[in-house]
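In my numbering, the protein residues as written are 14 to 329.
See structure below.
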């Protein structure tokens, strides 16, 4: 496994167990250099455990993985020196100023003394906190804290960044600003490996792995995954009773999934015309008012729900 062939990350049959619990279950994938690669999945799916193994923070139970050509089991120290890592918990020191945090992490990451002033100015500009350089870090908003944490993670100019749910708990405007920074870093040649459970963020990735119960159950570009789902059709329903409608539709032939979206339902079907007739008849029999029924283009959330539902059916 070599990082010289265009792959920044290579994973083969990676497994991590904690006692009898299988947290990561035979995961295999590759991430290209310069790619924004997204790890999408619910809490407990195994995303953070996989990232910690790739960062040299956890030892794999079995399987192999390399980061920038270095084996995660044999060379964890080398990997930690050559990556940037940002965890879902805010990782800086609240009782230091913005500048003091940058100075501290410059030392931790071994930034050469002659480059530290230049790197500090870069981080302050990138995070848009030049005017707050002497402010206590605890006084910053969540969005500024996240940008500062990202800046500190790239002080040593690592080729690969691992971001573990970096925008968790941050408001939507701050999340958009943060993703603009991620795209800038990718355009400059950095590889970004990012986990998220936000569907809109998943759309920003070049490719995605959907993880569920420790396994990768789907892999590909967001548009390709949506195209795969569009072999079925999706109907949006607005009805008077969501729960009773779900019960009425789940056993109908030609219907694959019924999922709650907002105040209505998304129903995945084989054929639009025949499904519409069956749905109208089923709801009429239950005296449920059908306010609206229309076909829609699948979203990443539809992909997410459909893939997980299919996995649960197979497991059952």
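C-beta: ideal position from N, C-alpha, C; glycine also.
Computed from a prediction, not measured in an experiment: that's the story for all the values here.
Check, Outcome
"How would you write the range of the beta strand (DSSP E) that residue 334 sits in, first residue to last?", "This structure gives no information on residue 334, because the portion of the chain shown stretches from 14 to 329."
"Go through the segment 65–100 residue by residue and report every complete run of the beta strand (DSSP E) that reaches 3 residues or more, in order.", "75–80, 96–99"
"Looking at C-alpha atoms only, which residue of 241, 123, 113, 229 is the closest neighbour of residue 150?", "113"
"Could you give the DSSP three-state label for residue 180: helix, strand or coil?", "coil"
"With DSSP as the reference, label residue 134 as helix, strand or coil.", "helix"
"Could you tell me the alpha carbon to alpha carbon distance between residue 127 and residue 94, rounded to whole angstroms?", "19 Å"
"Thinking C-alpha only, which one of 282, 197, 224, 173 is nearest residue 206?", "173"
"In three-state terms, what does DSSP make of residue 16?", "Below a pLDDT of 50, predicted positions are generally treated as unreliable, and residue 16, at 44, falls in that range; the measurement from the model is reported next regardless. Helix."
"Looking at the structure shown, is residue 51 part of a helix, part of a strand, or coil, going by DSSP?", "strand"
"Quick check: the segment 44–59 against the segment 221–240, are at least 3 beta-carbon pairs closer than 8 Å?", "yes"
"Across which residues does DSSP place residue 106 in a beta bridge pair?", "The partner list for residue 106 (beta bridge, DSSP) is empty, contrary to what the question assumes."
"Among 166, 96, 107, which residue has its Cα nearest to the Cα of residue 81?", "96"
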